[in-house]
Ligand code: UP5
Ligand code: MG
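Residue numbers (full-length UniProt numbering): 57 to 248.
And the structure:
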């Protein structure tokens with residue numbers, strides 16, 4: 057039953073654009089399960105798996121880990137819920153992610169929510185969080201690489217999804233509640 061086709065919403069946007077914050081609120085208010093690709097990868101590394109060191113090095117470079125690993129983690133996570141709709145935060149990150157998803161999962165997302173936020177705002181937010189020391193990739197050097205790679209590697213993915221009319225863009229350089237008013241409105245209209 058876990059492998060049945062689901063309605064999938066990909067929430068994408070640069071580092072610090074607010075994906076995790078907004079997905080938490082949607083999950084709370086609409087009861088939709090959400091899976092963060094980044095969180096799943098960080099848990100895998102924390103579990104002490106053999107490839108952990110290698111994955112951590114990739115993350116510290118702001119690069120994207122092998123697609124088969126991420127898609128495997130997402131499939132496993134999606135199989136834990138019977139909900140017919142799921143939110144996926146922070147995936148796909150590049151063209152290869154998307155094509156491996158398509159071939160391994162066998163169906164595409166229903167919608168892409170794109171969080172659009174100026175680089176400088178994202179940088180300041182993540183530098184603010186950096187002091188709290190919870191994420192190894194929240195240092196200025198890695199943050200800048202994450203921003204740069206997002207911009208270059210997501211373009212072909214967004215081009216693909218725009219061409220088939222699946223992208224909804226939301227400006228996220230506004231207060232959290234203002235962003236959420238728009239995000240929750242879209243959700244209510246499409247899925248609730
Ligand atoms: N904040 C949030 N919204 C705000 C607002 N409207 N106004 C003011 N402040 C706001 O928010 C970031 C910070 O900003 C928080 O302090 C928050 O309070 C504040 P958050 O909601 O966490 O933003 P988010 O977009 O989730 O930022 P995050 O840092 O998680 O983004 P990344 O995309 O960098 O992180 P992710 O975990 O997705 O990926 C990390 C790394 O994992 C990647 O760089 C990559 O190396 C690897 N990865 C893969 O290889 N493959 C994948 O598929 C996924 C990840
Ligand atoms: Mg996040």
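By construction, the Cβ of each residue, glycine as well, lies at the ideal position given by its N, Cα and C atoms. Since the model is a prediction, treat every value here as computed from it, not as a measurement.
What span of residues does the beta strand (DSSP E) with residue 91 cover, start to end? If you number the chain shown from 1, residue 91 lands on position 35. Note, residue 91: beta strand (DSSP E), 90 to 92.
The ligand MG heavy atom lying under 6 Å from the CB of residue 69: Along the chain shown, one-based indexing puts residue 69 at 13. No.
Residue closest to residue 67, alpha-carbon to alpha-carbon, out of 167, 190, 241: The residue labelled residue 67 in the question sits at position 11 within the chain shown. The shortest Cα separation from residue 67 among 167, 190, 241 belongs to 167.
When we look at the beta-carbon of residue 75 and count the other beta-carbons within 10 Å, is it buried (16 or more) or exposed? Here residue 75 corresponds to residue number 19 of the chain shown, with the count starting at 1. Burial call: buried.
Start and end of the alpha helix (DSSP H) containing residue 244? Residue numbering aside, residue 244 sits at position 188 when the chain shown is read from its first letter. Counting along the chain, the alpha helix (DSSP H) containing residue 244 begins and ends at 232 to 246.
For residue 178, which residues of its own chain have a beta-carbon under 7 Å away from its beta-carbon, when the five flanking residues on both sides are left out? Taking the chain shown and counting its residues from 1, the one referred to as residue 178 is at position 122. Hits under 7 Å: 70, 71, 72, 73, 203.
C-alpha gap between residue 210 and residue 148, whole angstroms: Within the chain shown, the letter at position 154 stands for residue 210. Within the chain shown, the letter at position 92 stands for residue 148. Roughly 8 Å separates the two Cα atoms.
Nonlocal neighbours in the same chain, by C-beta distance under 6 Å from residue 175, ignoring five residues either side: For the purposes of this step, residue 175 is identified with residue 119 of the chain shown, where counting begins at 1. Same-chain partners within the cutoff: 203.
Using the rule of at least 16 other Cβ atoms within 10 Å of the residue's Cβ for burial, across every protein chain shown, is residue 234 buried or exposed? Here residue 234 refers to the residue found at position 178 when the chain shown is read from its first residue. Exposed, by the Cβ-count rule.
Could you check whether the Cβ of residue 74 sits closer than 6 Å to any heavy atom belonging to the ligand MG? Residue mapping note: residue 74 aligns to position 18 of the chain shown, counting from 1. Residue 74: no, Cβ never under 6 Å from the ligand MG.
Taking C-beta to C-beta, are residue 111 and residue 101 nearer than 7 Å? Here the question's residue 111 lines up with position 55 in the chain shown. Here the question's residue 101 lines up with position 45 in the chain shown. For residue 111 and residue 101, yes; Cβs fall inside 7 Å.
Please tell me whether residue 206 and residue 143 are closer than 7 Å, where the distance is taken between their beta carbons. Position 150 of the chain shown, counted from the first residue, corresponds to residue 206. Position 87 of the chain shown, counted from the first residue, corresponds to residue 143. No.
Flag this pair as yes or no: are the beta carbons of residue 64 and residue 173 separated by less than 7 Å? As a first step, residue 64 is located in the chain shown; it is residue number 8 there, counting from the start. As a first step, residue 173 is located in the chain shown; it is residue number 117 there, counting from the start. No.
How many Å lie between residue 99 and residue 138 at the Cα? Sequence index remark: in the chain shown, residue 99 carries index 43 (1-based). Sequence index remark: in the chain shown, residue 138 carries index 82 (1-based). Distance between the alpha carbons of residue 99 and residue 138: 22 Å.
Look up residue 227 in the DSSP assignment and say whether it is helix, strand or coil. Mapped onto the chain shown, residue 227 falls at position 171. Correct three-state label for residue 227: strand.
Count the C-beta pairs between the stretch 118 to 129 and the stretch 151 to 165 that are closer than 8 Å, then say yes if the count reaches three, no if not. yes
Residue 147 Cβ short of 6 Å to the ligand UP5 heavy atom set: Locating residue 147 in the chain shown gives position 91, counting from the first residue. Flag set: Cβ of residue 147 near the ligand UP5.
Ordered along the chain, which non-local residues of its own chain (more than five positions away) have a Cβ less than 6 Å from that of residue 94? Counting from 1 along the chain shown, the entry for residue 94 is found at position 38. Excluding sequence neighbours, residue 94 sits near 146.
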